[in-house]
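First comes the structure, then the notes that go with it.
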Amino acid sequence: MDYDVLLCNGLVIDPANSRNGRFHIGIRGDNIQRVWEADDHMPLPASKMVIDAKELIVTPGLIDLHVHIFTDYTPLGIQTDRIGVQQGVTTVVDAGSAGVETYPIFLEKAVTSSETEVLAWINISRLGLCGGLSELADLSQLAPVETAHLMKNDSRICGIKARMSASVVQENGSKPLYIAKQVARELEVPVMVHIGNAPPALHDVLELLEAGDVVTHAFHGKKGGIFTEEGSLLPEAERALKRGVIFDVGHGTSSFSFATMRRALEFGIKPYTISTDIYRQNIDGPVHSLAMTMNKLLALGVSLDEVVEMSTCNPARILRKEHEIGTLTEGTRADISLLRMKKGPLELTDSEQATLTTSSYLQPELTIKSGKVLKCV
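Numbers 7 to 383, taken from my numbering, label the letters of the sequence shown in order.
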């Protein structure tokens with residue numbers, strides 16, 4: 007047999023390789039062996055399993071940059087595969103559920119029994135979210151030295167998470183972010199910053215960020231966001247974008263607004279990445295899944311190619327794993343998502359209960375994780 011799995015005739019959208027067209031993909035073991043243009047006049051090579059993807063969109067395995075999968079020990083955690091491979095997502099990145107002291111338990115709960123690949127943003131607080139949701143209110147609970155040591159010895163950790171909103175930092179303002187940035191600079195890794203209700207004010211937060219740092223919840227509809235009350239773009243937001251600071255969707259229960267996203271698009275601002283901030287309390291709405299979040303950007307006029315890019319190679323670049331995931335390059339691991347474009351209508355809901363009806367939407371059908379074919383549910 008030439009291949010273990012052969013995907014035939016799928017509409018391949020692979021932004022990392024500028025592919026958009028009908029291709030065959032041959033998989034052997036856990037690797038992509040060959041990608042070639044579909045030709046009805048050429049016989050197909052032998053394969054143990056053949057999947058006719060003629061009616062499907064084939065993309066690199068989807069990557070969700072912001073999830074919460076630390077079950078039992080945090081109030082948010084949801085089972086990894088439920089929001090991973092079962093929904094067409096091959097890699098998820100937990101966003102600060104664990105800190106240095108709780109990270110070993112996180113590995114046991116979220117990683118060991120999962121098909122989905124798990125990476126992590128480590129919380130600068132030593133307990134992460136295990137001690138509640140005001141983890142940065144006590145500066146003595148921050149663990150910069152221990153966090154740096156852990157990160158030097160664990161390649162699964164891709165950056166540092168700091169939640170910059172009033173309920174989290176309380177009287178500490180931007181101090182926790184300043185400490186997180188010191189560690190990040192030392193290790194040359196990005197920080198992911200949650201933004202929400204001030205204080206600290208967004209302009210103070212943005213001024214601390216550098217190229218490659220991620221602002222998640224960038225398009226929330228709360229007061230004090232990236233747009234002024236008069237509707238203009240916050241000058242610090244404009245400067246941050248020019249510096250290369252990354253704006254991420256990070257939908258969540260209360261952090262994605264159709265109105266804010268529309269205004270951003272009018273200003274020519276698009277998210278660099280689409281992520282969910284999915285957890286136990288929002289999986290049944292308004293978030294549902296990464297695919298559903300992608301559908302919301304499609305409904306607002308972002309192109310399919312761009313939406314795939316925002317969910318594959320762009321997050322891979324942030325994670326510095328663009329040569330491993332987020333791509334259908336020959337020789338890389340066979341992480342692939344197969345989606346169907348369904349005909350609507352489908353009502354979509356943002357975090358402010360505003361609705362938008364779309365006439366077509368993506369629905370995950372199959373996930374291939376390290377060469378293993380899994381059905382989505």
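We treat Cβ as the ideally placed atom computed from N, Cα and C, and that holds for glycine.
Starting from Q188, trace the beta strand (DSSP E) both ways and give me its first and last residue. As a position in the sequence shown, residue 188 is number 182, starting the count at 1. Counted as a single uninterrupted DSSP element, the stretch harbouring Q188 is not any beta strand (DSSP E) but the alpha helix (DSSP H) occupying residues K181 to L193.
N- and C-terminal bounds of the alpha helix (DSSP H) containing A265: Stepping through the sequence shown from its first residue, residue 265 is reached at position 259. Taken as a continuous stretch (DSSP letters only), the alpha helix (DSSP H) holding A265 covers F264 to E272.
Measuring alpha carbon to alpha carbon, tell me which of V99, L12 and P51 ends up nearest V64. By 1-based counting over the sequence shown, the position of residue 64 is 58. Nearest of V99, L12 and P51 to V64, Cα basis: L12.
Is the beta carbon of Y285 sitting closer than 8 Å to the one on G83? Taking the first residue of the sequence shown as 1, we reach residue 285 at position 279. Taking the first residue of the sequence shown as 1, we reach residue 83 at position 77. Yes, the Cβ-Cβ distance between Y285 and G83 is below 8 Å.
Rounded C-beta distance between K54 and D10? I'm assuming under 8 Å. Working through the sequence shown from its first residue, we reach residue 54 at position 48. Working through the sequence shown from its first residue, we reach residue 10 at position 4. Yes, they are in contact, since the Cβ atoms of K54 and D10 sit about 5 Å apart, within 8 Å.
Taking N23 as the reference, which of I232, M7, D45 and P66 has the closest Cα? The residue labelled residue 23 in the question sits at position 17 within the sequence shown. Considering only alpha carbons, the answer is P66.
DSSP state of Q39 mapped onto helix, strand, coil: Sequence index remark: in the sequence shown, residue 39 carries index 33 (1-based). Q39: strand per DSSP, three-state reduction.
Using a Cβ distance threshold of 8 Å, determine whether the stretch 140-147 contacts the stretch 190-198, with at least three qualifying pairs required. no
Backbone secondary structure at D210 - three-state DSSP: Stepping through the sequence shown from its first residue, residue 210 is reached at position 204. DSSP places D210 in helix when its eight states are reduced to three.
Inspect the beta-carbon positions of I111 and V98 and report whether they are closer than 8 Å. As a working note, residue 111 is residue 105 in the sequence shown. As a working note, residue 98 is residue 92 in the sequence shown. No, these two residues do not count as a Cβ contact at 8 Å.
To test your reading of the DSSP string, which unbroken beta strand (DSSP E) runs of 3 or more residues are found completely within the stretch 84-128? 95-101
Where does C164 fall in DSSP's three states? As a position in the sequence shown, residue 164 is number 158, starting the count at 1. Judged by DSSP in its simplified three-state form, C164 adopts strand.
Measure the C-alpha to C-alpha separation of E43 and G27 and round it to an integer number of angstroms. What you label residue 43 is simply residue 37 of the sequence shown in a count that begins at 1. What you label residue 27 is simply residue 21 of the sequence shown in a count that begins at 1. Near 8 Å, if we compare the C-alpha coordinates of G27 and E43.
Could you work out which residue in V383, I130, L208 and A172 is closest to A297 when comparing CA atoms only? Numbered from 1 along the sequence shown, position 291 holds the residue referred to as residue 297. Residue V383 is the option with its Cα nearest to A297.
In the DSSP assignment, find the unbroken alpha helix (DSSP H) run with C319 in it and report its ends. Residue numbering aside, residue 319 sits at position 313 when the sequence shown is read from its first letter. Per DSSP, C319 belongs to the alpha helix (DSSP H) from C319 to I324.
Does the beta-carbon of T282 have 16 or more other beta-carbons within 10 angstroms, so that it is buried, or is it exposed? Here residue 282 refers to the residue found at position 276 when the sequence shown is read from its first residue. By the 10 Å Cβ count, T282 comes out buried.
Tell me which residues share the same chain as K167 and place their Cβ nearer than 6 Å to its Cβ, disregarding the 5 neighbours each side in the sequence. Within the sequence shown, numbered from 1, the residue matching residue 167 stands at position 161. Counting only Cβ-Cβ distances below 6 Å, and skipping sequence neighbours, we find A101, G102, W127, N129 and M198.
From the DSSP output, in three-state form, read off L17 for me. What you label residue 17 is simply residue 11 of the sequence shown in a count that begins at 1. Correct three-state label for L17: strand.
Looking at C-alpha atoms only, which residue of C164, S161 and L148 is the closest neighbour of Y184? On the sequence shown, residue 184 is found 178 positions in, with the first residue counted as 1. Checked all of C164, S161 and L148; the closest Cα to Y184 is L148.
With distances taken from CA atoms, which of L345, E330, Q287 and H329 is nearest V314? Counting from 1 along the sequence shown, the entry for residue 314 is found at position 308. When each option's Cα is compared against that of V314, the closest is L345.
Using 8 Å as the threshold, is the stretch 249-258 in touch with the stretch 348-355, meaning 3 or more CB pairs across them? Verdict: no, contact absent.
Identify whether T153 lies in helix, strand or coil by the three-state DSSP scheme. Stepping through the sequence shown from its first residue, residue 153 is reached at position 147. T153: helix per DSSP, three-state reduction.
Look at A322 and T364 and say whether their C-beta atoms are less than 8 Å apart. Reading the sequence shown from its first residue, position 316 is the one you call residue 322. Reading the sequence shown from its first residue, position 358 is the one you call residue 364. 8 Å or more divides the Cβ of A322 from the Cβ of T364.
Does the CB of D219 have a neighbour CB from chain B at under 8 Å? Reference to chain B is not applicable here, since this structure consists of a single protein chain.
If you draw a straight line from the C-alpha of L139 to the C-alpha of V174, how long is it? What you label residue 139 is simply residue 133 of the sequence shown in a count that begins at 1. What you label residue 174 is simply residue 168 of the sequence shown in a count that begins at 1. Rounded to whole angstroms, L139 to V174 spans 6 Å at the Cα level.
Contacting residues, own chain, Cβ-Cβ under 8 Å from C14 (five flanking each side not counted): Numbered from 1 along the sequence shown, position 8 holds the residue referred to as residue 14. Cβ within range, chain order: H30, A44, L50, V56, I57, D58, A59 and K60.
Evaluate D254 with the Cβ neighbour count: other Cβ atoms within 10 Å of its Cβ, from every protein chain shown; 16 or more gives buried, anything less gives exposed. Start at 1 with the first residue of the sequence shown, and residue 254 comes out as number 248. It counts as buried.
When the distance is taken between beta carbons, is D210 closer than 8 Å to S161? Here residue 161 refers to the residue found at position 155 when the sequence shown is read from its first residue. Here residue 210 refers to the residue found at position 204 when the sequence shown is read from its first residue. Not closer than 8 Å, so no.
Which of the three DSSP states, helix, strand or coil, is assigned to T355? To locate residue 355, count along the sequence shown from 1; it is residue 349. Strand, per DSSP.
Taking M170 as the reference, which of H223, T153 and G332 has the closest Cα? As a first step, residue 170 is located in the sequence shown; it is residue number 164 there, counting from the start. Looking at the Cα atoms, H223 is the closest of the given residues.
With burial defined as no fewer than 16 other Cβ atoms inside 10 Å of the residue's Cβ, what is the status of G32: buried or exposed? Numbered from its first residue, the sequence shown carries residue 32 at position 26. When all chains shown are included, G32 counts as buried.
Taking the Cβ atom as the reference point for each residue, do A265 and A360 lie within a distance shorter than 8 Å? On the sequence shown, position 259 is the one that residue 265 refers to. On the sequence shown, position 354 is the one that residue 360 refers to. Cβ distance < 8 Å, so A265 and A360 count as in contact.
Within 10 Å of its beta-carbon, does T118 have 16 or more other beta-carbons around it, so buried, or fewer, so exposed? By 1-based counting over the sequence shown, the position of residue 118 is 112. Result: exposed.
Using 8 Å as the threshold, is the C-beta distance between F233 and P277 below it? Position 227 of the sequence shown, counted from the start, is the residue given in the question as residue 233. Position 271 of the sequence shown, counted from the start, is the residue given in the question as residue 277. No, they are not a contact pair.
Neighbourhood of R25 by C-beta, 8 Å cutoff - its chain only, sequence neighbours within 5 removed: Residue mapping note: residue 25 aligns to position 19 of the sequence shown, counting from 1. Closer than 8 Å at the Cβ level, and outside the excluded window around R25, lie V18, I19, V41 and L334.
Sort G202, T259 and A340 by Cα distance to D356 and report the nearest one. The residue you call residue 356 lines up with position 350 of the sequence shown. Ranking the options by Cα distance to D356, first place goes to T259.
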